[in-house]
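Trainee: So the number in the working numbering is just where the residue sits in the sequence shown, counting from 1, plus 57.
The structure's right below; bear with me while I get my questions together.
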Amino acid sequence: MNEIIYNYIDCLLHPVRNHQAIYKRRTELERMKKGRLFALVDDQFQEKFNLDFVSYALTSWLFVFVSAVYSLLFLHLGLQLSESLIESGYFPGINLSSLFQKKIMLMGLLFEVVFFPLTAWVYVKFWRIIISFFANIFDKEVDENALDDVVNNSLVGNFFLIIPIFGKLFKQIASVLYIFFGVKHNLRFTTVQSFIVVFSPLLFVALFMLFIAMYIMLVINLI
58 MNEIIYNYID CLLHPVRNHQ AIYKRRTELE RMKKGRLFAL VDDQFQEKFN LDFVSYALTS
118 WLFVFVSAVY SLLFLHLGLQ LSESLIESGY FPGINLSSLF QKKIMLMGLL FEVVFFPLTA
178 WVYVKFWRII ISFFANIFDK EVDENALDDV VNNSLVGNFF LIIPIFGKLF KQIASVLYIF
238 FGVKHNLRFT TVQSFIVVFS PLLFVALFML FIAMYIMLVI NLI
C-alpha cells in the first residue's frame, strides 16, 4: 500500500520525469529482450514503474470521497443561508431549500462517489480510443502498455478534488495536462501532435455541433 501511495504521489508531482523514466526503461527492456536477457528486467520494470488502473482508481477514489464531503458541507451551508434569506424576505416566494432539490443534489453526489470506478473506466477507455486514433493518423507505433501508462497516470488529476470550490476545475485542467505530458514524453509525440490529441475532444464537439446546426438549417429550408 505504501508503495502504491509513493508511486501515485511521484506521478502527481513529477509527471514529466516519470514518463521519461518509463520510456527509458521500456526502451531498455526492448533492447534486453533482443538479447534474450529480459526476464529479470521485465519483473523490475513492472514492479518499480507500473501502477495498474485499479491502483490509480482506488487511490483517486479517496479524493472523490473528500470532495463529496466538501460538497455536502457547502450544500448544507448554502441551504441554511437560503432559508435565512427567505425568512428575512430577501427571496419571497422562492423556496431554494425544497425537499426535491435536496434529493437531486444528494443523489448527484452519491452517484459521483459510488460510480466513480465506472466513470474512471469510461474515461480511460475514451482517451485510449482518442490516442490510438491519432497514433494511426500520425503513423506512430504505440505500445499497449505505454498507452495504459499514459491514460492511467492521468487519473492522478483527481487529487485536486480536495481543493474546495475550484477542485473540479483544477482536476479537469490537471487531467488534460497529464495526458499531454504522457503523450509527449512517453509515447514520443511531437509537441504539436500532443496538443492536437488533448484538444481533439473539443474539436469533435465543435464539429458535432456544426453538423447539428447544418442539419437543422437544412430541415428548416425544406419546410
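For each residue, glycine too, the CB sits at the ideal point set by N, CA and C.
Since the structure is predicted, the reported quantities are computational estimates derived from the model, not experimental observations.
Considering Cα atoms alone, identify which of 250, 262 and 122 is closest to residue 173.
Mentor: Among 250, 262 and 122, the Cα nearest to that of residue 173 belongs to 122.
Trainee: Skipping 5 residues on each side, what residues in its chain have a beta carbon closer than 7 Å to that of residue 64?
Mentor: Correct list, in chain order: 108.
Trainee: Comparing C-alpha positions only, which one of 136, 110 and 74 sits nearest to residue 176?
Mentor: For the residues 136, 110 and 74, the minimum Cα distance to residue 176 belongs to 110.
Trainee: Using only the alpha-carbon positions, how far apart do residue 61 and residue 112 sit?
Mentor: The straight-line gap from Cα to Cα measures roughly 7 Å.
Trainee: Sorted by chain position, which residues of the same chain lie with C-beta nearer than 7 Å to residue 70's C-beta, five sequence neighbours on each side aside?
Mentor: Once the five neighbours on either side are set aside, residue 70 has no close Cβ partner at all.
Trainee: So, are the CB atoms of residue 204 and residue 185 less than 8 Å apart?
Mentor: Yes. Within cutoff.
Trainee: Which whole-angstrom value is the C-beta distance of residue 120 and residue 230, which I expect to be below 8 Å?
Mentor: Residue 120 to residue 230, Cβ: 15 Å. No contact.
Trainee: Excluding sequence positions up to five away, which residues of its chain have a Cβ less than 8 Å from the Cβ of residue 104?
Mentor: Residue placement at residue 104 is flagged as unreliable, the pLDDT there being 46, under the threshold of 50; the coordinate-derived value follows with that caveat. Within the same chain, residue 104 has no close Cβ partners at all.
Trainee: Are the region 228 to 247 and the region 197 to 217 touching, with three or more C-beta to C-beta distances below 8 Å?
Mentor: Touching, yes.
Trainee: Using the Cα positions of residue 50 and residue 130, report the straight-line distance between them to the nearest angstrom.
Mentor: A question about residue 50 goes unanswered here, because the residues of the chain that appear run from 58 up to 280.
Trainee: Within 10 Å of its beta-carbon, does residue 116 have 16 or more other beta-carbons around it, so buried, or fewer, so exposed?
Mentor: When all chains shown are included, residue 116 counts as buried.
Trainee: Measure the Cβ-Cβ separation of residue 197 and residue 246 and say whether it is below 8 Å.
Mentor: For residue 197 and residue 246, yes; Cβs fall inside 8 Å.
Trainee: Decide if residue 135 is buried, meaning its Cβ has at least 16 other Cβ atoms within 10 Å, or exposed.
Mentor: Result: exposed.
Trainee: Could you tell me how far apart the beta carbons of residue 240 and residue 249 are, in whole angstroms, since I believe they sit closer than 8 Å?
Mentor: Residue 240 to residue 249, Cβ: 11 Å. No contact.
Trainee: By alpha-carbon positions, which one of 127, 171 and 242 ends up nearest to residue 225?
Mentor: Of the listed residues, the one whose Cα sits closest to residue 225 is 127.
Trainee: Going by beta carbon distance, what residues of the same chain come within less than 7 Å of residue 217, once the five residues before and after it are set aside?
Mentor: Cβ neighbours of residue 217 beyond the five flanking positions: 224, 227, 228 and 231.
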